[in-house]
Amino acid sequence: MSAHDLITINGRWGFDYTYFAGEAATRFFRELVENRRIMGSRCPACKRLLVPARSFCDACMERTTEWKEVGPEGTLETFTIITTAFPGLPAPPIVMAYVTLDGADTALINLVHGEDLSDIDRAAARLNALPRVKVKFVDEPKGRITDFSFELLKDVA
Ligand SMILES: [Zn+2]
Numbered sequence: 235m236s237a238h239d240l241i242t243i244n245g246r247w248g249f250d251y252t253y254f255a256g257e258a259a260t261r262f263f264r265e266l267v268e269n270r271r272i273m274g275s276r277c278p279a280c281k282r283l284l285v286p287a288r289s290f291c292d293a294c295m296e297r298t299t300e301w302k303e304v305g306p307e308g309t310l311e312t313f314t315i316i317t318t319a320f321p322g323l324p325a326p327p328i329v330m331a332y333v334t335l336d337g338a339d340t341a342l343i344n345l346v347h348g349e350d351l352s353d354i355d356r357a358a359a360r361l362n363a364l365p366r367v368k369v370k371f372v373d374e375p376k377g378r379i380t381d382f383s384f385e386l387l388k389d390v391a
């Protein structure tokens, strides 16, 4: 090892924390629990409906105004099939995807259910067709992103 070789140092972060979700995220998560609906907020300048709802447009830096429900159906935009276990995620293999819900101008990431993952390559080929999906809520929402996931619509190949 020379003096110029970089070294790696193993470490582990494990801490609990609480953060202020902010005005838009607070309402977004409350809508999941109280009304089982997914809401976006509209930028008054570029008119895009941003999902999940946020206080400011990331393109115009304008404060968003109007709130509007999106979905419950949408189109898969891109995905990954996770084959390694991660803390906090269901047992692999799982599909994680960005979906643009009907009426939205931005995509939202969450789990996708309904794909046969026994053959990963075949599943990826089917998902590459960017199928339609539908939002499915859990029985008891808690105001978290895990309150819903996406289900493949069966009438799409
Ligand atoms: Zn904008």
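Per the working numbering, residue 235 is the first one in the sequence shown, and the count goes up by one each step. Positions of the beta carbon are idealized from the N, C-alpha and C atoms, including for glycine.
Distance CB(residue i)-CB(residue j) smaller than 7 Å
{"i": "alanine 279", "j": "glutamate 300", "result": "no"}
{"i": "valine 333", "j": "glutamate 349", "result": "no"}
Near ligand 1: residue i beta-carbon under 6 Å from a heavy atom
{"i": "alanine 287", "result": "no"}
{"i": "alanine 341", "result": "no"}
{"i": "alanine 358", "result": "no"}
{"i": "alanine 338", "result": "no"}
{"i": "alanine 293", "result": "yes"}
{"i": "alanine 279", "result": "yes"}
Buried versus exposed call for residue i [16 or more other C-beta atoms within 10 Å across all chains shown]
{"i": "serine 383", "result": "buried"}
{"i": "glutamate 257", "result": "exposed"}
{"i": "arginine 276", "result": "buried"}
{"i": "alanine 287", "result": "buried"}
{"i": "phenylalanine 263", "result": "buried"}
{"i": "threonine 314", "result": "exposed"}
Contact set for residue i: own chain, Cβ-Cβ below 8 Å, skip 5 residues either direction
{"i": "isoleucine 316", "result": "Leu323, Pro326, Pro327, Ile328, Val329, Met330"}
{"i": "leucine 240", "result": "none"}
Nearest-angstrom beta carbon gap, residue j and residue i [assumed within contact, 8 Å]
{"i": "arginine 282", "j": "aspartate 339", "result": "4 Å"}
{"i": "leucine 387", "j": "valine 367", "result": "6 Å"}
{"i": "aspartate 336", "j": "glutamate 307", "result": "5 Å"}
Any chain C beta carbon closer than 7 Å to residue i
{"i": "glycine 377", "result": "Checking the listed chains, one finds no chain C in this structure; it contains a single protein chain."}
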